[in-house]
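K.L.:
Residue numbers (my numbering): 4 to 637.
Okay, structure coming up:
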């Protein structure tokens with residue numbers, strides 16, 4: 004190597020080593036301000052923090068949580084900054100990655116008005132599984148005093164240490180919930196505050212302990228096949244005329260999109276009951292653009308779901324609710340207008356078919372369990388499926404109804420009346436839920452069981468992880484968000500065995516692309532880590548079947564798909580921990596072709612060298628906090 008190139012290489016090596024250190028000493032911060040842990044060498048040393056405000060008399064406790072406030076999130080180098088408020092108390096929280104296993108947390112509070120409280124706290128929850136038998140050392144200022152400079156707790160495999168910049172009162176409790184975690188409330192104040200008051204403290208948190216580098220054993224059972232997976236789908240609801248087209252073009256040009264979901268802009272299609280909807284079809288831009296979007300997808304052979312959000316005022320009861328009223332979203336449909344409602348929707352689908360050559364496979368009211376923006380009861384949902392489904396059939400349409408299309412997985416009881424109504428079954432084409440909440444295995448399994456009960460496909464109609472992320476869009480660039488999103492999709496594939504997962508969205512909204520004027524970012528449009536995750540998932544060969552898979556590591560998520568007749572198998576693996584060796588068994592012995600791809604903070608669906616299978620056994624090294632896709636064939 005020539006000297007000048009050697010100097011350049013050494014410089015690059017130095018930079019890469021520095022970068023690796025940053026990657027592996029990373030705080031896990033939720034954009035609403037709660038720290039979820041600190042990673043060392045990719046392994047998460049988990050704990051959770053929150054900001055708590057206890058009302059006067061202890062009658063109520065408010066705290067930072069997902070979808071509880073309207074926070075703002077930004078990253079500035081090795082700092083992450085969250086600003087949020089609980090009532091009239093405004094918080095600024097700055098988390099700085101300092102060194103391996105060490106962060107600082109600066110919390111500032113400003114009172115916008117006089118507020119009577121019993122305390123404002125920085126709360127730490129330590130998991131019982133790691134610290135339940137640990138030894139506590141509280142650095143009190145004096146015997147019997149609540150005031151301390153910090154504390155530490157040590158177990159046989161973990162150490163958690165926190166030091167306060169200024170002495171603070173510490174209150175210890177045991178969580179009364181199932182987890183039984185240890186709770187530490189570090190006071191910012193123990194009394195009420197007045198308008199203009201400012202509170203501040205800085206906390207230095209250090210974690211250390213064992214890194215689990217034990218080999219990972221994965222076993223696939225190819226003798227059992229489950230439901231087919233068509234591939235990744237996408238939502239194409241048009242909301243941003245200036246920036247949507249570039250994102251749509253890029254996604255359709257660079258992804259295999261197996262399914263599409265488009266909007267029926269019902270409010271614009273027939274704003275007045277007695278008008279001809281065909282006039283809107285020619286004049287209303289939202290209608291024309293939505294139909295053109297459906298046509299574009301249809302011409303690519305992509306099966307379509309049509310969903311309605313905003314109804315026309317004549318079709319609902321009460322004043323139109325654009326925002327929740329007393330916590331209630333949306334409006335019920337007018338029971339006296341059901342035949343007119345059926346006709347309006349059917350006319351739209353027929354117009355699409357006649358004038359745009361588009362067949363709609365499935366129809367839904369978006370998130371009608373919650374009311375975004377039509378709200379119905381579970382029993383009304385059952386009646387809608389039968390009534391509208393029969394109306395479709397009577398007018399020669401093949402369009403079926405989606406059972407559910409729920410706002411999240413937790414509201415599964417909403418589908419039960421129709422699920423158990425034999426009269427509704429002929430009109431149900433698939434079951435759908437959105438993946439915003441309800442990720443525990445038991446809840447997800449209920450959806451898989453429902454689909455199995457009536458032998459129809461299950462669809463994840465909106466795929467992603469945070470329904471409020473549009474309010475703090477910088478989070479989309481964070482590796483933590485990308486990893487959590489693809490980890491959920493891998494678990495959905497394994498537990499629910501969906502026909503497709505439709506990404507929310509392949510437009511500006513929740514865009515997997517960065518720049519191009521999206522969210523105020525004027526960089527040239529380019530893919531981010533989330534896009535490469537999606538591309539890797541979309542690379543799954545079409546129409547493979549779910550297969551059982553087991554994994555010895557709790558922080559590795561797996562999903563297996565295959566076709567025994569074709570002799571092709573794909574595994575998706577998400578490593579949420581440190582770098583480890585993997586041994587995969589259970590595949591047929593006659594497989595020879597193998598491809599392994601990885602996406603993480605530094606690799607974009609990068610093909611990785613791997614040895615051929617030996618008698619159905621494959622071994623490879625799996626990097627920390629990475630998403631792998633392995634495809635093997637004859």
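Glycine included, C-beta positions come from ideal geometry on N, C-alpha and C. Note that the structure is predicted; figures quoted are calculated from it, not measured.
Going by DSSP in three states, residue 275 sits in which element: helix, strand or coil?
P.N.:
Here the question's residue 275 lines up with position 272 in the chain shown. Looking at residue 275 - three-state DSSP - the assignment turns out to be coil, as it is neither helix nor strand.
K.L.:
Excluding the five sequence neighbours on either side, which residues of its own chain have a C-beta within less than 8 Å of the C-beta of residue 509, listed in chain order?
P.N.:
Within the chain shown, numbered from 1, the residue matching residue 509 stands at position 506. Closer than 8 Å at Cβ, skipping near neighbours: 237, 238, 239, 250, 251, 254, 255, 258, 260 and 515.
K.L.:
Compute the Euclidean distance between the alpha carbons of residue 46 and residue 31, then round it to the nearest angstrom.
P.N.:
Translated into positions along the chain shown, residue 46 becomes position 43. Translated into positions along the chain shown, residue 31 becomes position 28. Near 11 Å, if we compare the C-alpha coordinates of residue 31 and residue 46.
K.L.:
Starting from the C-beta of residue 467, find all residues in its chain whose C-beta is less than 8 Å away, skip the five residues before and the five after it, and write them out in chain order.
P.N.:
Residue 467 sits at position 464 when you count from the first residue of the chain shown. Here the set comprises 438, 439, 488, 506, 507 and 513.
K.L.:
Alpha carbon to alpha carbon, what distance is there between residue 353 and residue 219?
P.N.:
For the purposes of this step, residue 219 is identified with residue 216 of the chain shown, where counting begins at 1. For the purposes of this step, residue 353 is identified with residue 350 of the chain shown, where counting begins at 1. Roughly 53 Å separates the two Cα atoms.
K.L.:
Mind listing, in chain order, the continuous alpha helix (DSSP H) runs of no fewer than 4 residues lying wholly within the segment 432 to 493?
P.N.:
Fully enclosed alpha helix (DSSP H) runs of 4 or longer: 444 to 457.
K.L.:
Have a look at the DSSP bridge pairing and note the partners of residue 208.
P.N.:
Locating residue 208 in the chain shown gives position 205, counting from the first residue. Looking at the DSSP assignment, residue 208 forms a beta bridge with 106 and 165.
K.L.:
Name the DSSP beta bridge partners of residue 154, please?
P.N.:
In the chain shown, counting from the first residue as 1, residue 154 sits at position 151. Partner(s): 141 and 165.
K.L.:
Between 216, 463 and 454, which lies nearest to residue 234 when the distance is taken from Cα to Cα?
P.N.:
In the chain shown, residue 234 corresponds to position 231, counting from 1. When only C-alpha atoms are compared, the closest one is 463.
K.L.:
Mind listing, in chain order, the continuous beta strand (DSSP E) runs of no fewer than 3 residues lying wholly within the segment 168 to 240?
P.N.:
Those beta strand (DSSP E) runs which fall completely within the segment 168 to 240 and span 3+ residues are 185 to 192, 201 to 212, 219 to 223 and 234 to 238.
K.L.:
Please name the residue or residues paired with residue 111 in a DSSP beta bridge.
P.N.:
Residue numbering aside, residue 111 sits at position 108 when the chain shown is read from its first letter. DSSP, once it has assigned bridges, lists 95 and 203 as partnering residue 111.
K.L.:
What does the Cβ neighbour count give for residue 331, buried or exposed, with the cut at 16 atoms within 10 Å?
P.N.:
Along the chain shown, read from residue 1 onward, the residue named residue 331 stands at position 328. Exposed, because fewer than 16 other Cβ atoms sit within 10 Å of the Cβ of residue 331.
K.L.:
Does the Cβ-Cβ distance between residue 406 and residue 433 come in under 9 Å?
P.N.:
Start at 1 with the first residue of the chain shown, and residue 406 comes out as number 403. Start at 1 with the first residue of the chain shown, and residue 433 comes out as number 430. For residue 406 and residue 433, yes; Cβs fall inside 9 Å.
K.L.:
Closest to residue 612 by CA distance: which of 357, 634, 412 and 593 is it?
P.N.:
Working through the chain shown from its first residue, we reach residue 612 at position 609. Looking at the Cα atoms, 634 is the closest of the given residues.
K.L.:
Look at the alpha carbon of residue 373 and the alpha carbon of residue 623, and state the distance between them as a whole number of angstroms.
P.N.:
Position 370 of the chain shown, counted from the start, is the residue given in the question as residue 373. Position 620 of the chain shown, counted from the start, is the residue given in the question as residue 623. So the alpha carbons of these two residues sit roughly 45 Å apart.
K.L.:
What's the call for residue 268, buried or exposed, on a 16-neighbour Cβ count within 10 Å?
P.N.:
Here residue 268 refers to the residue found at position 265 when the chain shown is read from its first residue. It is buried - the Cβ of residue 268 has at least 16 other Cβ atoms within 10 Å.
K.L.:
With a floor of 4 residues, list each alpha helix (DSSP H) that falls wholly inside the segment 283 to 340, ordered by position along the chain.
P.N.:
List check, alpha helix (DSSP H) in window: 288 to 302.
K.L.:
Which value, in whole angstroms, describes the spacing of the CA atoms of residue 363 and residue 570?
P.N.:
Within the chain shown, the letter at position 360 stands for residue 363. Within the chain shown, the letter at position 567 stands for residue 570. Those two C-alpha atoms are separated by around 33 Å.
K.L.:
In chain order, what are the residue ranges of uninterrupted alpha helix (DSSP H) at least 4 long that sit wholly in the segment 575 to 629?
P.N.:
Whole alpha helix (DSSP H) segments, 4+ residues: zero.
K.L.:
According to DSSP, is residue 243 part of a helix, a strand, or is it coil?
P.N.:
Mapped onto the chain shown, residue 243 falls at position 240. Note: residue 243 maps to coil in three-state DSSP.
K.L.:
Closest by CA to residue 137, which one among 163, 314 and 321?
P.N.:
On the chain shown, position 134 is the one that residue 137 refers to. Residue 163 is the option with its Cα nearest to residue 137.
K.L.:
Of the choices 39, 48 and 37, whose alpha-carbon is the least far from that of residue 580?
P.N.:
Along the chain shown, read from residue 1 onward, the residue named residue 580 stands at position 577. If we check each option's Cα against that of residue 580, 48 comes out closest.
K.L.:
Give me, in chain order, the residues of the same chain whose beta-carbon lies closer than 6 Å to that of residue 96; leave out the 5 immediate sequence neighbours on both sides.
P.N.:
Numbered from 1 along the chain shown, position 93 holds the residue referred to as residue 96. For residue 96, where only same-chain residues beyond five positions count, the Cβ hits under 6 Å are 36, 85 and 110.
K.L.:
In its own chain, which residues sit with a C-beta less than 6 Å from the C-beta of residue 424, not counting the 5 before and 5 after it?
P.N.:
The residue given as residue 424 occupies position 421 in the chain shown. So the qualifying residues of the chain are 385.
K.L.:
According to DSSP, is residue 123 part of a helix, a strand, or is it coil?
P.N.:
Counting from 1 along the chain shown, the entry for residue 123 is found at position 120. Three-state DSSP puts residue 123 in a strand.
K.L.:
Taking the beta strand (DSSP E) that residue 565 falls in, what are its first and last residues?
P.N.:
The residue you call residue 565 lines up with position 562 of the chain shown. Taken as a continuous stretch (DSSP letters only), the beta strand (DSSP E) holding residue 565 covers 559 to 566.
K.L.:
How would you call residue 185, buried or exposed, if buried means at least 16 neighbouring beta carbons within 10 angstroms?
P.N.:
As a working mapping, residue 185 is identified with position 182 in the chain shown. Buried, by the Cβ-count rule.
K.L.:
Compare the C-alpha of residue 511 against each of 485, 175, 504 and 522 and name the closest.
P.N.:
Taking the chain shown and counting its residues from 1, the one referred to as residue 511 is at position 508. The shortest C-alpha separation from residue 511 is found at 522.
K.L.:
Applying the criterion that 16 or more other CB atoms from any shown protein chain within 10 Å of the CB defines a buried residue, is residue 296 buried or exposed?
P.N.:
The residue you call residue 296 lines up with position 293 of the chain shown. The residue is buried, with at least 16 neighbouring Cβ atoms inside 10 Å.
K.L.:
Return helix, strand or coil for residue 392, following the three-state DSSP convention.
P.N.:
For this step, residue 392 is matched to residue 389 along the chain shown. Correct three-state label for residue 392: helix.
K.L.:
Considering only C-alpha positions, which residue in the set 540, 449 and 341 is nearest to residue 493?
P.N.:
As a position in the chain shown, residue 493 is number 490, starting the count at 1. Ranking 540, 449 and 341 by Cα distance to residue 493 puts 540 first.
K.L.:
Mind checking residue 543: buried by the 16 CB within 10 Å criterion, or exposed?
P.N.:
Sequence index remark: in the chain shown, residue 543 carries index 540 (1-based). Label assigned to residue 543: buried.
K.L.:
Output the distance between the C-alpha atoms of residue 28 and residue 41, rounded to the nearest integer angstrom.
P.N.:
In the chain shown, counting from the first residue as 1, residue 28 sits at position 25. In the chain shown, counting from the first residue as 1, residue 41 sits at position 38. Its pLDDT being 47, under 50, residue 28 is placed unreliably in this model, and the value from its coordinates should be taken loosely. Approximately 7 Å between the Cα atoms of the pair.
K.L.:
Taking all protein chains shown into account, decide if residue 575 is buried (16 or more other Cβ within 10 angstroms of its Cβ) or exposed.
P.N.:
As a first step, residue 575 must be located in the chain shown, where it is residue number 572. When all chains shown are included, residue 575 counts as buried.
K.L.:
Could you compute how far the alpha carbon of residue 298 sits from the alpha carbon of residue 347?
P.N.:
Within the chain shown, the letter at position 295 stands for residue 298. Within the chain shown, the letter at position 344 stands for residue 347. Between residue 298 and residue 347, the C-alpha separation is close to 20 Å.
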